[in-house]
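Here is the structure we will look at, set down as structure tokens.
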Amino acid sequence: MQEKYDSKQIEEKWQKIWEENKAFKVTEDKVKKKYYVLEMFPYPSGKIHMGHVRNYSIGDVAARFLSMRGYNVLHPMGWDSFGMPAENAAIQHGTHPAKWTYENISYMKKQLKRLGLSYDWEREIATCTPEYYKWNQWLFLKLQEKGLAYRKQSAVNWCPKCLTVLANEQVEGGLCWRCETQVEQKNLEQWFFKITAYAEELLDYCDKLHGWPEKVLIMQRNWIGKSIGAEVDFKIENSNEAIKVFTTRPDTLFGATFISLAPEHPMVEKLIVKSQESEVKSFIERVKKQSRTARTEALLEKEGVFTGSYCINPLTNKRMPIYIANFVLMEYGTGAVMAVPTHDQRDFEFAKKYNLPMIVVIQPPNWGQISNLSPLQEAYVDDGIMVNSGTFNGMNNRDAMEAIVRHLEEKGIGKKTISYKLRDWGISRQRYWGCPIPMIYCDSCGVVPVPYKDLPVVLPEDVKLTGEGASPLAQSEKFIKVKCPKCGKPARREADTMDTFVDSSWYFLRYASPRENNSPFSKEVVKCWMPVDQYIGGVEHAVLHLLYSRFFTKAIRDLGLTDIDEPFTNLLTQGMVCKEIMKCKEHGYLLPEEVRDKKCIKCGKPVEIGPTEKMSKSKKNTIDPDKIIERYGADTTRVFSLFAAPPEKDLDWSDEGVEGAYRFLNRVWRLVAEMQGAGGRGQGSGETKNPELNYEINRAVKKVTDDLKEFHFNTAIAALMEHINFLYKYEDKNSSQYEEAIEILLVLLSPFAPHICEELWHGIGKKDSILKVDWPSYDEAALKKEEALVVVQINGKLRGRISVPVNIQQAEVEKIALSDSKVSEWLAGKSIKKVVYVQNKILNVVVG
RNA sequence: GCCGAAGUGGUGGAAUGGCAGACACGCUAGCUUGAGGUGCUAGUGGGGCGACCCAUGGGGGUUCGAAUCCCCCCUUCGGCACCA
3 MQEKYDSKQI EEKWQKIWEE NKAFKVTEDK VKKKYYVLEM FPYPSGKIHM
53 GHVRNYSIGD VAARFLSMRG YNVLHPMGWD SFGMPAENAA IQHGTHPAKW
103 TYENISYMKK QLKRLGLSYD WEREIATCTP EYYKWNQWLF LKLQEKGLAY
153 RKQSAVNWCP KCLTVLANEQ VEGGLCWRCE TQVEQKNLEQ WFFKITAYAE
203 ELLDYCDKLH GWPEKVLIMQ RNWIGKSIGA EVDFKIENSN EAIKVFTTRP
253 DTLFGATFIS LAPEHPMVEK LIVKSQESEV KSFIERVKKQ SRTARTEALL
303 EKEGVFTGSY CINPLTNKRM PIYIANFVLM EYGTGAVMAV PTHDQRDFEF
353 AKKYNLPMIV VIQPPNWGQI SNLSPLQEAY VDDGIMVNSG TFNGMNNRDA
403 MEAIVRHLEE KGIGKKTISY KLRDWGISRQ RYWGCPIPMI YCDSCGVVPV
453 PYKDLPVVLP EDVKLTGEGA SPLAQSEKFI KVKCPKCGKP ARREADTMDT
503 FVDSSWYFLR YASPRENNSP FSKEVVKCWM PVDQYIGGVE HAVLHLLYSR
553 FFTKAIRDLG LTDIDEPFTN LLTQGMVCKE IMKCKEHGYL LPEEVRDKKC
603 IKCGKPVEIG PTEKMSKSKK NTIDPDKIIE RYGADTTRVF SLFAAPPEKD
653 LDWSDEGVEG AYRFLNRVWR LVAEMQGAGG RGQGSGETKN PELNYEINRA
703 VKKVTDDLKE FHFNTAIAAL MEHINFLYKY EDKNSSQYEE AIEILLVLLS
753 PFAPHICEEL WHGIGKKDSI LKVDWPSYDE AALKKEEALV VVQINGKLRG
803 RISVPVNIQQ AEVEKIALSD SKVSEWLAGK SIKKVVYVQN KILNVVVG
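Residue 3 is where the first sequence starts when you use the working numbering, and the numbers rise one by one after that.
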């Protein structure tokens, strides 16, 4: 064995051997229990970044650990390879998106292999291949048959930079999730997936996903946004029609004094009275020009205009002026709001501005004190007792809610209703590099699905990408022109492609049988592997990919293709990889090489250092994994990224920390190399075990095992460091027991640093791969000590430590403690009031 | 504004009711080395000569005992934000 640890040589050697031996190939197994470990597959953007390294290191340790514990582990990898960057690269440099994508895949795959990740590469998939996206199209057709994919005209989010429509989930604070451009509204005819059909089930199962972080579930629940209320009809004065309103506060109905409509409400036209016409129309024009973001900005001043029409409050029979208000959204509820200024802050502000009547209908418990405050300073939105509400007076408002709804139902003018914030998922994208939507438009037959036998609808290669105009596919005559499958007359293909989130909504199923070519996946094989036992990825997909995948899983189940309700049993959302930023007042963000002695090398001005932020190219605080692997090796890179912080927390990059991880592996190397150098290893027979070393071996096994089960990688590595520190100091290095301790060290460390452990494993004479070794078990008896260190407290303060035989009676411990000179000093002249003893741990003497 | 998470040495973090600071980084001293680096040994929360005292964002509480549980406040980060 070499004296010096040469990470590069070792890592290349073992990666080659593992590949040749197909060490990570996995097939279905009837005997072993399955375990499916999955990390979110990457978009092939060019190179992997530290976030990937962290994500995949976590997954790899989990996969290797479970595999050594006897599970049959499915651990696949692939590429989310449709998407805009490929198309943008094509526009800028003229490279075809396919070429760009496949080159990136090839480079990134090499990078992943250099990390020594235990993927079964025979299961690799790429969503941009016709073999994959054929099944996207197939699933689309199935959903369309079931009415879960449909086409409609509606206002949609348009990103002017990406030149495409975005789903609601892909707009973050009014900005495009990808490029942070202000999103605009456009009225377009688009394809939608009916995710709202699953709103209730998606919400319901949030309570059953015990293996998910509560944070993610809360975000999903909020996104679905269920609220229970009522729909109420407000009859329009001098008309037979009524305005339907959704309210979560039917208890305040007696206090409703006017109605607010969204500017887009379909009845607006009919309600405008001649005298108000010009004013109303100019208001609507003005509001429609505002972006949706501006309109949903909570700080925006509430504005409106009177239509001139009235409706009638069904309970009070009072006239209610009908207003159009800028803050009412057509997409939510019915696009019409019954305004109760006394018990809703928005209505309150609106009513004050336009001098509209206010009637208090819920009395706060402390009414006596605040009744003097009239006129009201703000709306009272909490619970109380009903007043000014006819026969409902005196009831508590919670009970009144139900009573009033019942009353409305009896009169046939209202009903209990549930409303959701979740909208259907718009999936049409006006871009080239995506999965074509398999639909045909025929002047005679209308919208016609592409027959299953004609799948896949292949992306044409001859499209010129300019970044201008509408869907690039529309420009390809060859693609667009098609015969109608029904009547044979000339027809046009759909020119939009699917949102790439469609591709990633079921890829985890494809891994089970990646080469299946009669269906998206083999039903039987999927049954063996699904659901994913452990899913790992960034929290940024909390309501994007993770919600879409849940929806797809349920829809696929209802197509009869599986019987799985939820795709991911356990979810780990890892934190971001951060590093401090460096900034020069004149030159902005600086790379480390642009800073010398804390000064900018361009202008010599002092550089501001910190705070730490998520690594990003624009902030110039990234670290290239290639460079770290080149210098320290994959094992060090992996160990550092797992040791520096618990997986769900943000990780602060530290060059010194990497050095520390490297030092640790070097210590492991030297320790084993020295054992070899010493030549003699113990005979093993007839030796008596050293109790301290025996304890240490079992302690390490237990600690690392327990920590790995909980994904506490940082403390597991710390335990291994303690183990090696112990072995460095241990004197009898020629015993077979010491050799056992070394073997245990290598086995326990191997999921984290597989290459060095494999090399050393063979170095100490083992013939089989360390991958095949069973995870060690520990001897509970060895962890029982004969003596226990009992801490003696007096009034809760530490006053002494005594060593006692384990499990002796409290009285005995007290006797020993009280005879301890230090303890007795503290007790002199005091009377003992109480003694608390926790076995083998602590003795607390309470004195007066 | 609402919801959530977090706040512990110079730093990353450990301890989820029982010895606060495991492990690592950094720093200090010594040894090794021609030197630098590496490696090894020892030390390292603050205060005090000391016995000891003080310390887990701040304040209160529960408990024999609180970083940990409860209440109030402060700060930071994340998510949602006119959703009727």
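C-beta: ideal position from N, C-alpha, C; glycine also.
Sequence-distant residues of the same chain with beta carbon closer than 8 angstroms to residue i, five excluded per side
| i | result |
| --- | --- |
| G540 | M42, G53, N57, T575, Q576 and M578 |
| V660 | I630, Y634, T638, T639 and F642 |
| R669 | I726 and Y730 |
| L375 | Because the pLDDT at L375 is just 45, under 50, the model does not fix this residue reliably, and the value given afterwards should be weighed accordingly. No residues qualify anywhere along the chain. |
| L378 | T344, F350, M360 and V362 |
| T97 | A91 |
Assigned exposure category for residue i - 16 Cβ within 10 Å defines buried
| i | result |
| --- | --- |
| E745 | buried |
| S687 | Bear in mind that a pLDDT of 48 at S687, under 50, signals an unreliable position, so the model cannot answer this. |
| S823 | exposed |
| A830 | exposed |
| Y454 | exposed |
| E22 | exposed |
| L302 | exposed |
| L119 | buried |
| V840 | exposed |
| V339 | buried |
| T393 | exposed |
| L593 | exposed |
| H212 | exposed |
| I538 | buried |
| P753 | buried |
| V282 | buried |
Of the listed residues the options, nearest to residue i (C-alpha basis)
| i | options | result |
| --- | --- | --- |
| S421 | L205, N398, C447 and N572 | L205 |
| V2 | I818, L800 and V808 | Here the chain covers residues 3 to 850 and nothing more, so residue 2 does not appear. |
| V452 | P359, D8, R494 and I699 | R494 |
| I286 | I314, H212 and L331 | L331 |
| S618 | S280, N692, I583 and E632 | I583 |
| K196 | Y152, S779, W828 and G337 | Y152 |
| Y7 | R665, K691, L845 and P753 | R665 |
| S156 | D708, W427 and K607 | W427 |
| D62 | K115, W137, Q94 and P458 | K115 |
| D535 | L219, H77 and A353 | H77 |
| V449 | K600, E191 and T318 | E191 |
| G590 | M532, V609, N716 and K320 | V609 |
Same chain only: Cβ atoms within 7 angstroms of residue i, ignoring 5 sequence neighbours per side
| i | result |
| --- | --- |
| K27 | D122 and E124 |
| I844 | V792, V793 and Q795 |
| K290 | P265 |
| E470 | none |
| K835 | V848, V849 and G850 |
| K556 | Y200, E203 and D567 |
Whole-angstrom C-beta distance between residue j and residue i, which should lie under 8 angstroms
| i | j | result |
| --- | --- | --- |
| G802 | V825 | 5 angstroms |
| A784 | N842 | Rounded, the Cβ-Cβ distance is 16 angstroms, inconsistent with contact. |
| F713 | P807 | About 37 angstroms separates the two Cβ atoms, so there is no contact after all. |
| K491 | S446 | 6 angstroms |
| V703 | Y780 | 4 angstroms |
| L511 | V528 | 6 angstroms |
| V218 | A544 | 5 angstroms |
Own chain partners of residue i with C-beta closer than 6 angstroms, once the 5 adjacent residues on each side are dropped
| i | result |
| --- | --- |
| Y45 | D82 and G85 |
| K35 | Y73 |
| L1 | Examination of residue 1 is not possible in this model, given that the chain is present from 3 through 850 alone. |
| S833 | G850 |
| A402 | D253, M388 and F394 |
| W16 | H757 and E760 |
Proximity test, residue i beta-carbon vs the ligand SAH heavy atom, cut-off 7 angstroms
| i | result |
| --- | --- |
| K144 | This structure lacks the ligand SAH, and indeed carries no ligand of any kind. |
Do the stretch 495–504 and the stretch 517–524 meet, that is, are 3 or more Cβ pairs less than 8 angstroms apart? At 8 angstroms Cβ cutoff, the stretches do not touch.
Please confirm if the stretch 405–415 is in contact with the stretch 473–487, defined as three or more CB-CB distances below 8 angstroms between the two stretches. no
State whether the stretch 137–148 contacts the stretch 168–177, with contact taken as three or more CB pairs (one from each stretch) at a distance under 8 angstroms. no
Say whether the stretch 429–447 touches the stretch 87–95, bearing in mind that this needs 3 or more beta-carbon pairs closer than 8 angstroms, one atom from each stretch. yes
Is the stretch 235–242 in contact with the stretch 312–319, if contact means three or more CB pairs nearer than 8 angstroms? Three or more beta-carbon pairs separated by less than 8 angstroms link the stretch 235–242 to the stretch 312–319, which places the two stretches in contact.
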